[in-house]
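Counting along the sequence shown from 1, when you hit position 314 you're at 306 in this note's numbering, and nothing is skipped either side.
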Amino acid sequence: MSGLFVLPPATSAFSEYRPSSNAHTDFLGKSSLGKRKDGDKSGPRVVKLSLPGLVPQANVQDQKADLLNAIPRLSSGQPTAKSYHHLSEICHRLVLPPYNSGEEVYDTVRAEMGTSARGLAREWTAAVMSRDGPWLARLVEGWERWERRINLLSAVLTYLDRVYAASAKVQTIKELSLDVFRETLWNHEVLRNKTKDELRAWVEGERSAEQPDAPLRSTIRHLTAISKTLSVFHTLSDPYLETTGWYYEDMAVGNIQRVDSSTMPPGRYVQWVLDKAQEERDRAIACLDADVAVSAVAIVRSEAGFKQKDRVVRRALDEAMDASDIPALTRLYRFCVDCDAFATLVEATQQHIRERLTKLISDPSKDPQMIEGTLTLKRFIDKALASLFQKSDDVEMADNDEDQPKTVEAESKGSERNRQIELEDAVRLGFKAGIGSRQNAPAEWIAKHLDSAMRKGQGSGTEAEFNTLLDEIISLVGYTRDKDVFKAFYSTQLAKRLLLNKSASDDMERTMILKLQKEMGEEFTSGDVMMKDLALSETLVKSYQQAQAKNPDQYNDPGSFTANVLTESAWPAYPLLKDGWNFKLTPELQTSIDQFTQWYSSQHKNRQLSWRWQLATVSLTARFPSGRYEIGVSLFQAVTLLQFNDAESLSFKDLKAQTGIEHYELVRTVQSLAMGRKNTRVLLKKPPGKEVNPDDLLIWNKGFSSDRVKFKINSIQQDLSSEESKQTNEQVAIDRVSVLEATIVRIMKGKKTMTLQLLIDAAVTEVSKRFPPDIKDLKKRVESLIEREFLMRDEDDRNVLKYLA
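Structure (structure tokens):
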């Protein structure tokens, strides 16, 4: 069914209409338009249209010529004879049926675009050859001019894109212009090489000046945008990255040579790499894009970091560790993580600690400073690790984008945690290797250091600080292989602290025992036994004092004597006075001993007392012309001083005869009384000097005076002497033989039959918890047990051992 009429393609019928605010009312009632015929209100409205006729054919040809002639002027930015609106209408008409002239117009546009591009190519090539002005700025300005003209052409010929290009499936004007510009101008050999050269000159200039070139950066950003629009960004990024690789390859080699010659500190090299990585990241992000930034930073880290890690990491670590420089360690850690050199850092950390401790521990002259130096190193490393990974966590969080998936963030934290564990393991292995570089001595001095700490107590510090110190010492115990040596010295020193009342706090002693039991096992229960035994002794002494109070006439000077009655098996073996001793107590002291012995025998008839004089102490009242003093001394010092009640002076030979003290012990006693601190020299020696000879004379010091009424004269024998240290080490060696044999027998008793190698492996595994066994010693113990018929060899296979019940 055909319509009532056919609408023409264009009309100006409504050009005179100007609607008012009441347009709908005008249209329905007052307007002359739409009146009903003959006043018939019920009939249809009649709308009159005045339509122009078709444009004559000749006029269309003229308009096509106007349009085609305007295209070159539009392409060159020149004014056109016809208005843009008129040209757009012509284009619209020509691309539609029945004219279908879109192909002709399109070919004209393409040809003219090529002509303009070739003209620009000739102009720019001449400018490049004549070095007429900065090239990159000219390129950017030329592109912007080209883009403005293409945009105008595209706007005027918009129907060419919408109708012809869409139906013919060809490129739009803008797409076509990009191809033409790319192929004719951007890829032009001379212009392309000039662009690369200028780009390289820019980046080299910034790197040399070590500061950004703001005006040129603006040009580079525009150039980056152009290349991305043309889909040729790689022609900028590839030369940039290539130049970056060359630059940092040369710079890294030069700087490493400076590190080798000690003209550049290794820590400064690490800082340089980190700074340059950040500089390259900032430059690429500001002028190119994030992907190029990632690649540029990777080049810096590879050329200056990864390839040079073996020559810089250990040196930088040594420098930072020796200077206790935590910020430098933090930078080195970030360098190693970024440059894939973390494994090198782990190895270097372990080696540094091992070598540093080995150097400290291997020198016997530094034994007194051994443990304090080791603890100082450990405190620094612990602090550095805590600071290091706290800062690393902050860096990780700062680098993570807020929109980053949680799984990626979790993986990052997991990697950081793994690195922390690796470094902590390296520290632990380094300490174990360093402390284990010398046998027995570190364990002995750890025990001595602990003894000193327990004697001093927390002092003015807090309980938490003192507990931290104890934990640090225990951690060193965990590093030593000679745990049995530590146990022997610790037990000896604990006994002395308890017996001589040298411990700062019994509660802290109990806490220390619990800490050691947790670290090393229940074999450290001897401390508990000693403290319980000492508590029973205190009860016994109170009973004796009560007996003295009830019968004061039977006892000489009641209340002045106390004794620690202890179970011998629960305490370290204190030897009796034997060779060189003929020890004689003064009558007053002997009376006190006899009275207590008599009372104890009446209470415990089946027990026998065995006295250890070397642990005894005495409180003397001394009268000098300067006043009366109360002096705390050892028993040997007391016996020596009491000899001067009857004589003003005595020779060393006479003192030895009257006291019966062994020669070397008497020498140490005399030295402590006559050559100690100035305010404790109650005796004088003639002739003066440290050496004590038999004919030397000891004189009662009548001119003695002291600011303190009560004071103590330290006795050399109360500290762990070199002889006692030697004896303890010898006893440890004897105990090790027993431990080895007991371990072998226990293993064989359970297995009944084993090869020698399996037995040795099992014994090493078990004994290593206490000390590092020697395979030769193990084999000797096996042979000894075979000789004593605890074990026997299999008749068919000599390498198989059997247990004999």
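Built from N, CA and C at the ideal position, the CB exists for glycine as well.
Straight-line measurement puts the Cα of Leu352 at about 46 Å from the Cα of Leu642.
Counting only residues of its own chain and dropping the five nearest sequence neighbours on each side, Glu295 has a CB closer than 6 Å to the CB of Tyr240, Glu241 and Ala244. Following the DSSP letters along the chain, one finds Lys677 inside the beta strand (DSSP E) bounded by residues Leu675 to Lys678.
The beta carbons of Ala539 and Trp591 sit closer together than 8 Å. Between the segment 736 to 746 and the segment 654 to 668 there are fewer than three C-beta pairs closer than 8 Å, too few to call the two in contact. The segment 557 to 620 is shown to contain whole alpha helix (DSSP H) runs of 4 or more residues at 579 to 595, in chain order. Of the residues Glu622, Arg447, Leu462 and Tyr795, the one whose Cα lies closest to the Cα of Ile739 is Tyr795. Bridge partners of Tyr795 according to DSSP: Leu783.
By the Cβ neighbour-count rule, Gln249 is exposed, with fewer than 16 other Cβ atoms within 10 Å of its own. As computed with DSSP, Trp692 is found in a beta bridge with Leu675. Beta-bridge pairing by DSSP links Gly624 to Ser611 and Lys704. Scanning Met523, Leu462, Asp474 and Ala480 for the CA closest to the CA of Leu492 turns up Met523. The alpha-carbon separation between Gln203 and Asp274 amounts to approximately 11 Å. Excluding its 5 nearest sequence neighbours in each direction, Phe696 has C-beta neighbours in its own chain below 8 Å: Phe616, Ser618, Arg673 and Val674, listed in chain order. Contact between the segment 746 to 765 and the segment 728 to 735 is present: 3 or more CB-CB pairs across the two stretches fall below 8 Å.
The criterion of a C-beta distance shorter than 8 Å is not satisfied by Glu175 and Trp127. By the neighbour-count criterion, in which 16 or more other beta carbons inside 10 Å mark a residue as buried, Pro764 falls on the exposed side. Assignment of Ser641 by DSSP, reduced to helix, strand and coil, places it in the strand class. With a minimum length of 3 residues, there is no unbroken run of beta strand (DSSP E) contained wholly in the segment 205 to 249. In terms of CA proximity to Leu233, Ala276 leads the group Ser223, Ala276 and Gly246.
With a beta-carbon spacing of about 13 Å, Val305 and Leu415 fall beyond the 8 Å limit used to define contacts.
Residue state for Thr100 is assigned as helix, using DSSP reduced to three classes. Annotation: Ser497 to Ala445 spans about 11 Å, alpha carbon to alpha carbon.
A distance below 8 Å separates the beta carbons of Ser80 and Thr150.
Under the three-state reduction of DSSP, Met746 is assigned to strand. Under the three-state reduction of DSSP output, Gln431 falls in the coil class, being neither helix nor strand. Bounds of the alpha helix (DSSP H) holding Val182 are Glu181 to Ala201. With a 10 Å radius around the Cβ and a threshold of 16 neighbouring Cβ atoms, Pro579 comes out exposed.
In the structure shown, the three-state DSSP call for Tyr91 is coil.
The three-state reading of DSSP puts Met523 in helix, counting H, G and I together. The alpha-carbon of Arg620 is positioned some 53 Å away from that of Ser316. Inclusion of Glu104 and Ser67 in the CB contact set at 8 Å is warranted, their separation being smaller than that value. Residue state for Gly125 is assigned as coil, using DSSP reduced to three classes. In the structure shown, Val684 adopts coil according to DSSP, grouped into three states. Going by beta carbons, Thr651 and Ser626 fall outside the 8 Å limit.
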